[in-house]
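Number of protein chains: 4
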Amino acid sequence: MKEPDFSISVLGEPTIQMSVISEKQDVWNTSYVGDDQYVLYDIAVTNGKSEAGIDRSSLIEKAGPRGKVYFEPAKVHAGVVTCGGLCPGLNDVIRAIVMTLWYRYNAKQISGFRYGYRGFLSKFNLPVMELTPDVVTKIHRLGGTILGTSRGYGDCIEEKVDTLERLNINMLFAIGGDGTQKGALDISDEAEKRGLKIAVIGIPKTIDNDLNFVQKSFGFQTAVSRAVDAVDSAHVEAHDAINGIGIVKVMGRESGFIAAHTAMAINDVNYVLIPEVRFDLDGENGLLANLERRLEQRNHAVILVAEGAGQEYMEDSRTSDASGNIQFNDIGVYLKERIREYFKKKEIEINMKHIDPSYMIRSAPANPNDSTYCARLGAHAVHADMAGKTGMIISLIHSQFVHVPIRLAISSRKRIDPHKELWRDVTEATGQPLLLQERRKKPC
Amino acid sequence: MKEPDFSISVLGEPTIQMSVISEKQDVWNTSYVGDDQYVLYDIAVTNGKSEAGIDRSSLIEKAGPRGKVYFEPAKVHAGVVTCGGLCPGLNDVIRAIVMTLWYRYNAKQISGFRYGYRGFLSKFNLPVMELTPDVVTKIHRLGGTILGTSRGYGDCIEEKVDTLERLNINMLFAIGGDGTQKGALDISDEAEKRGLKIAVIGIPKTIDNDLNFVQKSFGFQTAVSRAVDAVDSAHVEAHDAINGIGIVKVMGRESGFIAAHTAMAINDVNYVLIPEVRFDLDGENGLLANLERRLEQRNHAVILVAEGAGQEYMEDSRTSDASGNIQFNDIGVYLKERIREYFKKKEIEINMKHIDPSYMIRSAPANPNDSTYCARLGAHAVHADMAGKTGMIISLIHSQFVHVPIRLAISSRKRIDPHKELWRDVTEATGQPLLLQERRKKPC
Amino acid sequence: MKEPDFSISVLGEPTIQMSVISEKQDVWNTSYVGDDQYVLYDIAVTNGKSEAGIDRSSLIEKAGPRGKVYFEPAKVHAGVVTCGGLCPGLNDVIRAIVMTLWYRYNAKQISGFRYGYRGFLSKFNLPVMELTPDVVTKIHRLGGTILGTSRGYGDCIEEKVDTLERLNINMLFAIGGDGTQKGALDISDEAEKRGLKIAVIGIPKTIDNDLNFVQKSFGFQTAVSRAVDAVDSAHVEAHDAINGIGIVKVMGRESGFIAAHTAMAINDVNYVLIPEVRFDLDGENGLLANLERRLEQRNHAVILVAEGAGQEYMEDSRTSDASGNIQFNDIGVYLKERIREYFKKKEIEINMKHIDPSYMIRSAPANPNDSTYCARLGAHAVHADMAGKTGMIISLIHSQFVHVPIRLAISSRKRIDPHKELWRDVTEATGQPLLLQERRKKPC
Amino acid sequence: MKEPDFSISVLGEPTIQMSVISEKQDVWNTSYVGDDQYVLYDIAVTNGKSEAGIDRSSLIEKAGPRGKVYFEPAKVHAGVVTCGGLCPGLNDVIRAIVMTLWYRYNAKQISGFRYGYRGFLSKFNLPVMELTPDVVTKIHRLGGTILGTSRGYGDCIEEKVDTLERLNINMLFAIGGDGTQKGALDISDEAEKRGLKIAVIGIPKTIDNDLNFVQKSFGFQTAVSRAVDAVDSAHVEAHDAINGIGIVKVMGRESGFIAAHTAMAINDVNYVLIPEVRFDLDGENGLLANLERRLEQRNHAVILVAEGAGQEYMEDSRTSDASGNIQFNDIGVYLKERIREYFKKKEIEINMKHIDPSYMIRSAPANPNDSTYCARLGAHAVHADMAGKTGMIISLIHSQFVHVPIRLAISSRKRIDPHKELWRDVTEATGQPLLLQERRKKPC
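Chains as they are written, first to last, in full-length UniProt numbering: chain A, 1 to 444; chain B, 1 to 444; chain C, 1 to 444; chain D, 1 to 444.
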């Protein structure tokens with residue numbers, strides 16, 4: 001594995017001494033963070049050997065307010081954009097950015113781009129929204145994002161930077177997933193190329209919790225809480241029927257974190273299927289035969305499936321089905337069909353209920369724990385931008401707020417390792433077997 | 001600072017090869033944790049210098065299932081006890097211990113002591129409760145602890161060990177705060193002195209989140225969520241009245257973590273008072289005059305106070321009040337009285353509402369995030385006990401489950417450092433001033 | 001309209017003086033209900049004329065404990081059965097029946113049939129479950145029914161009565177919809193024919209709230225609360241996207257009560273579609289064109305549709321589609337397809353989200369208001385059965401608990417009258433237009 | 001009992017034909033309510049005799065939109081005021097009034113008085129708040145009232161009417177309890193005396209649910225839900241301690257409806273104490289001895305007490321306590337002290353927890369069922385005011401929205417009759433005995 005590069009980009013030397021803000025100075029003076037403060041990234045030690053040295057390549061810069069800042073508050077014009085799918089906590093982050101700029105730094109010109117990166121593009125003709133404390137004061141009670149959002153438009157970098165120039169925006173907060181952060185990095189690079197002093201900070205958003213260098217993504221806990229409600233319903237439906245089967249499909253395109261945490265929280269799940277772990281449907285050890293045995297013994301079963309699980313089955317299906325039925329892209333629907341067929345052929349009555357709570361999860365307001373986290377993420381993003389940092393995200397690693405270069409953060413995805421503790425604890429909680437026909441095969 | 005000693009005690013050499021459990025072997029074989037796996041404790045690096053070396057004193061042993069265990073499952077008789085005040089998640093932990101012993105290790109003799117350490121003492125005549133999967137299957141939906149709890153009785157070590165001997169218990173799970181863990185350690189020591197092979201593992205419980213070497217205590221997130229509800233009510237009451245003042249008192253005897261996190265989650269708190277930060281009531285910069293100025297400008301205010309804050313005021317009161325009025329021990333009530341007097345003297349009408357949600361916080365069922373956490377804490381406690389570890393707690397540090405010696409864990413308390421980031425972020429969120437008459441005084 | 005017949009059937013003369021139960025007698029003596037107590041059913045008066053006289057045909061018998069009962073408590077063997085789809089509150093009703101029999105009447109032999117009417121039939125071999133206070137004490141916290149449920153098997157009356165005879169059951173509580181109640185009536189009739197003294201009381205269950213002579217069905221309020229959550233999500237999703245459209249499908253086969261009440265509770269619904277009110281999709285005044293106009297003006301829209309709405313469209317579809325694609329039976333899916341086509345043809349981008357919360361609604365535990373209601377329904381059912389009443393349901397009319405003959409209760413369905421106040425208030429809340437091409441057509 | 005007088009006051013003959021509002025006419029034309037539509041008030045029939053005739057004195061006028069209205073929409077200036085303590089649903093009612101005036105009647109001049117009746121009085125100098133759809137669109141998510149509230153100032157009728165004259169307000173919506181409604185009636189009378197055409201409609205607010213002629217007051221269901229949470233906590237605390245006692249005090253000055261409904265919802269209450277039912281503390285049958293017996297048998301107990309219960313004890317206490325300690329006005333605190341003393345004297349250890357959730361109940365946002373109800377109350381109030389009705393409240397009787405003269409509504413309070421079904425069902429649910437020393441005494 002190539003060593004990660006934690007080097008941080010900055011616009012220039014921060015020179016503006018943070019003015020002493022009246023009554024509060026004593027507290028704040030003492031809690032500035034220096035640019036020489038880091039945390040060690042790799043903390044695992046096996047057999048006395050650690051991969052952690054104290055050279056630059058293993059140190060992550062601590063986030064937090066600096067004693068000297070790069071931007072003069074009165075000259076700041078900040079832009080905020082939210083991109084991609086909804087996620088609990090978006091409004092909390094927007095709110096924290098506005099409040100921190102306004103009250104902490106006295107920077108009062110803040111514009112919100114509408115509907116993701118489209119808001120930068122003239123063809124959509126979407127004027128920016130002025131953001132003030134009055135506008136944002138109660139928005140953390142609402143799900144979604146007051147700015148609106150959309151997917152795509154990560155390109156058109158030049159027009160975007162044109163727009164920033166036209167609006168005299170010198171500080172950009174990009175809230176979104178890795179596509180969004182890639183776009184933010186491109187903006188930062190283009191601005192640098194043009195000699196513009198625009199600081200670009202990302203706040204990483206991934207309801208799937210699948211970003212590397214992000215210990216736990218905002219909204220993830222709220223998502224798990226809502227997924228638990230859906231599993232609870234599926235369990236009640238399955239339990240109270242003859243041969244009841246509940247299927248719950250949750251988010252997780254490339255990683256099964258929501259499914260894994262949900263299963264451990266509620267204890268009513270019997271099978272968790274995630275993208276990282278292969279499973280057979282057919283054969284004596286496959287899901288279908290296993291399900292049949294469970295129904296015989298316990299009369300009901302709950303299956304929790306991440307949307308990215310079992311994709312190989314649906315490719316096969318697509319091949320065999322000339323009409324290209326698009327519903328087969330949905331693993332929940334696919335499983336339902338396969339299970340129905342299996343038991344129909346065996347003439348065994350089943351009562352199957354399929355729940356897809358995805359939109360109800362995405363659109364939830366953040367729970368209090370996520371709210372606290374989002375409030376701090378937003379504040380740290382402002383501290384970073386004010387200090388002239390650029391091209392990086394705010395992250396939490398080993399419970400410390402840190403700066404991670406976007407280039408590094410988006411270089412690979414976080415996935416569940418089936419050989420490590422999280423998946424072990426999940427399978428112990430569900431008691432599920434390896435759903436593989438040949439035992440010697442690797443589980444993934 | 002003396003270096004912490006992370007050395008772990010064990011009963012003896014684990015020799016029993018974990019039997020291959022049918023279908024699941026492939027997964028589990030690969031995820032055993034070795035006794036040579038550690039995590040670095042101190043990860044802060046400043047100016048290129050770290051306190052972290054890779055010598056024994058800075059390494060914490062990783063928790064998790066071992067490939068060889070010390071106890072033969074069929075001979076295990078486990079005891080479980082819950083002590084001290086209620087805390088969300090107690091039932092989740094009990095459930096996880098029972099389920100993991102039963103299904104993972106096939107150890108099926110489990111006894112629950114009733115009402116804390118009293119359950120060990122013959123004079124209370126409290127027979128143990130047999131714990132099986134059927135008994136615990138749904139208890140994580142309920143607040144409190146099915147075993148009951150009580151305070152005190154940390155002593156009488158000899159009788160306790162007599163009881164364990166009499167019941168042939170060779171494995172004890174002690175769920176409680178630092179007093180409880182101290183008692184557990186004494187039991188472990190006494191057992192060793194007698195040459196008994198009793199493995200004692202603690203699961204640290206502190207709703208205040210004030211244990212060192214515990215990143216976040218179980219139930220803490222649920223507690224914050226419930227505290228948020230109370231602050232929300234206080235804010236509505238204050239906001240909708242003329243000169244409305246809402247006071248919410250939350251737990252936190254020696255540290256203000258609940259108050260701090262609650263304030264950041266809800267954004268409606270104007271003053272957070274915690275044990276770690278001194279505040280003046282009187283004088284131009286004191287709370288009372290400050291409150292008056294806020295009411296003039298904003299017409300309402302919300303004060304969130306941890307129970308241990310401002311104790312020095314109540315000592316004074318006690319001294320001056322010969323009758324020793326006990327209600328003055330309650331900082332919420334004390335503040336209410338002082339505020340009432342202040343505005344009465346000034347003939348300013350106020351509408352004050354005091355909310356004490358403590359019992360509604362303590363008795364809540366765990367939220368899904370705490371449930372997941374408790375499930376894993378309980379499972380790791382069983383892994384530790386089965387491996388013959390003793391005199392230690394299960395903890396989460398840098399997001400890793402680890403073993404921490406009880407001796408080390410209870411040696412000091414965790415408190416909020418007013419000069420560090422948590423308190424900085426809180427005061428920025430509330431916008432509260434230093435409430436100190438003389439500015440040059442230290443804030444604590 | 002033929003006059004309703006409110007006459008009540010009884011097994012015989014109640015003769016057993018309710019024994020004075022120790023401490024409680026004074027209260028209870030005074031609150032027995034006499035068989036001569038009634039409430040007036042029709043209370044509407046227009047222009048000085050009422051349909052209400054005080055003759056037998058307009059009076060409904062009051063429910064409640066009688067001073068003399070028909071069954072000797074020690075000889076009671078009660079049976080309880082839950083049938084049909086899940087509904088919040090089933091466990092509350094079961095609990096109330098058991099608790100009232102046990103503690104109020106000292107009748108302690110209670111059997112629960114498993115999985116609906118199947119539990120009566122030998123071919124399914126489902127032994128009854130013994131019901132005691134210990135078994136039911138906490139079940140009101142859980143959704144679903146501890147007895148399990150199934151659909152159908154309303155027939156086989158003779159075998160069912162054979163089963164009751166074999167078990168010596170003389171009191172039956174049937175919790176279910178109108179099919180279930182019809183089955184209960186048939187059992188009552190068959191028992192009478194055989195000269196058996198079996199008292200059969202129904203507790204009407206209909207999450208759609210569509211039973212006549214039932215002011216508000218149990219579980220309905222909980223259902224509306226959960227539907228509100230789904231609409232809230234749909235609104236957030238629609239509002240935060242470009243041309244966002246949220247579709248929520250809720251229960252309501254023949255009547256739109258859940259949709260109607262949900263729309264008034266949350267105020268974010270723009271179109272409510274119910275079975276009682278015809279709507280056009282096409283044409284200038286149809287839903288599609290209307291939706292287009294709304295998106296132009298407001299950029300988002302929320303549609304709340306009851307499952308029974310617009311069935312005529314799907315019949316047409318079925319006719320034209322030779323392969324009989326079953327998914328067209330789902331009005332939510334059908335609308336989604338039609339809307340997608342419409343805007344695709346117009347080359348207008350839309351972002352549509354379809355939420356079907358039905359299973360999450362059905363399986364919810366009762367909220368406190370429904371719990372109170374279910375507790376009282378169950379208790380009144382026991383009072384009726386003990387008094388020897390048979391062939392009737394417990395209902396709430398004009399906020400009074402009453403006895404309604406099953407024959408009468410199932411004779412017709414309750415539906416929303418589009419010319420009356422409920423629908424008027426709904427359309428005023430949503431501001432929705434008549435979605436009919438020709439204006440002179442009646443709306444239904 | 002004197003017959004109630006249901007006669008309605010009106011400002012004059014409604015003459016303005018409701019204009020046909022574009023698309024919606026068909027629906028609305030058909031659902032106007034005529035002034036000749038009534039509902040029968042007294043529906044009880046015993047032994048063939050009813051108190052209900054169809055003469056004027058037993059008929060209540062139906063509420064709803066009239067085909068002709070009194071006010072020309074363009075000339076309407078409406079005022080809204082909220083008075084007294086907080087109650088869930090206030091914002092919902094304000095919202096419904098504004099939305100109905102604006103969209104249904106096209107009446108767009110709406111002013112909100114601030115902080116109750118104080119907003120009418122020049123000495124408080126509180127300018128009115130302009131109310132528009134934008135201002136109120138999301139307020140139903142918030143507890144409390146955006147207008148603020150205060151107690152008192154029911155007098156100063158002349159200045160209030162001066163204020164209305166000065167502002168040219170011709171339509172007043174008064175949301176509050178019986179004091180508020182009395183004030184509203186006085187305003188209506190004074191306006192009539194001056195020959196002003198001001199229509200005054202009340203929306204009755206009483207969290208205690210103690211207004212006569214109001215079937216169920218808005219916010220009551222939400223209040224019960226929140227009270228259930230508190231009892232749940234008290235039960236957990238009591239159950240998990242040795243001799244645990246939980247005391248929950250809820251609202252209910254003169255009637256115990258919240259306590260009664262809460263007890264039936266949650267089933268964990270052992271003693272409900274309400275103002276309507278006398279109870280002894282001392283003596284063999286008193287609460288204290290009874291509690292002791294229960295602790296012996298069951299080890300825990302939960303007491304739910306309405307604030308107005310047992311006031312006679314505290315008068316006695318006040319008499320005997322020269323220092324006039326005001327805390328004895330709180331029955332929760334008083335009970336706690338008496339119970340503590342009792343068991344201390346007997347040297348029995350108890351663990352007592354006292355929870356007062358009142359402010360958390362009052363300030364809650366309305367639950368969906370209350371939201372629907374409030375939405376309809378507000379709309380009906382507007383219909384009444386537009387039709388020129390005055391001096392009356394909107395109420396729900398026998399599930400119908402009706403007009404009740406304020407004079408009649410405030411003439412007496414609704415209380416729980418201990419001899420009727422509600423209290424009977426409560427005592428059966430709790431199993432509580434008569435807590436009276438002498439058995440022949442009446443329970444109230």
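Note that CB positions come from ideal geometry on N, CA and C, so glycine has one too.
Asked, Found
"What residue ranges within the region 190-251 of chain D form continuous beta strand (DSSP E) runs of no fewer than 3 residues, ordered along the chain?", "199-204, 244-250"
"Residue 40 of chain C lies in the alpha helix (DSSP H); which residues open and close that run?", "It is not in any alpha helix (DSSP H) - residue 40 of chain C instead sits in the beta strand (DSSP E) that spans 37-40."
"Who are the near neighbours of residue 322 of chain C in its chain, counting only those whose CB is closer than 6 Å to its CB and skipping five residues on each side?", "A caution first: residue 322 of chain C carries a pLDDT of 39, below 50, which makes its placement in the model too unreliable to give a value."
"Can you tell me whether residue 186 of chain A is buried or exposed? The criterion is at least 16 other CB atoms within 10 Å of its CB, across all chains shown.", "buried"
"Is residue 25 of chain B helix, strand or coil when you go by DSSP?", "Only weak support exists for where residue 25 of chain B lies, its pLDDT of 46 falling under 50; the value from the coordinates is given anyway. Residue 25 of chain B falls in the helix class under three-state DSSP."
"Output, in chain order, the set of chain D residues within a Cβ distance shorter than 7 Å of residue 141 of chain A.", "141"
"Please classify residue 5 of chain A as buried or exposed, where buried requires at least 16 other C-beta atoms within 10 Å of its C-beta.", "exposed"
"Report the residue from D:36, D:279, D:121, D:12 whose alpha carbon sits nearest the alpha carbon of residue 309 of chain D.", "D:279"
"Contact between the region 194-202 of chain C and the region 241-254 of chain C: three or more CB pairs below 8 Å?", "no"
"Which residues of the region 356-376 of chain A have a Cβ closer than 7 Å to any Cβ of chain B? Give them in chain order.", "367, 368, 369, 371, 372, 375, 376"
"Quick one: grab the DSSP three-state call for residue 133 of chain B.", "helix"
"Go ahead and pull the three-state DSSP assignment for residue 413 of chain A.", "strand"
"What are the complete alpha helix (DSSP H) segments, minimum 4 residues, inside the region 365-424 of chain C?", "368-386, 406-409"
"Classify residue 400 of chain B as buried or exposed, calling it buried when 16 or more other Cβ atoms lie within 10 Å of its own Cβ.", "buried"
"Between the C-alpha atoms of residue 102 of chain B and residue 15 of chain B, what's the straight-line distance to the nearest angstrom?", "20 Å"
"Checking contacts by CB at 9 Å: is residue 118 of chain C closer than that to chain A?", "yes"
"Between which two residues does the beta strand (DSSP E) holding residue 6 of chain C run?", "Careful: residue 6 of chain C lies outside any beta strand (DSSP E) and carries neither H nor E."
"Can the beta-carbon of residue 267 of chain C be found less than 9 Å from the beta-carbon of residue 95 of chain D?", "yes"
"Confirm, please, whether the CB-CB distance from residue 178 of chain C to residue 381 of chain C is below 9 Å.", "no"
"Using alpha carbons as the reference points, say which of B:364, B:18, B:429 lies closest to residue 68 of chain B.", "B:18"
"Taking the DSSP output, what are the residues bridged to residue 351 of chain D?", "D:244"
"Assuming residue 174 of chain D and residue 184 of chain D make a contact with CB atoms under 8 Å, what is their CB distance in whole Å?", "4 Å"
"With three or more C-beta pairs closer than 8 Å as the rule, is the region 62-78 of chain A touching the region 157-175 of chain A?", "yes"
"Going by other Cβ atoms of all chains shown within 10 Å of its Cβ, with 16 needed for buried, is residue 420 of chain A buried or exposed?", "exposed"
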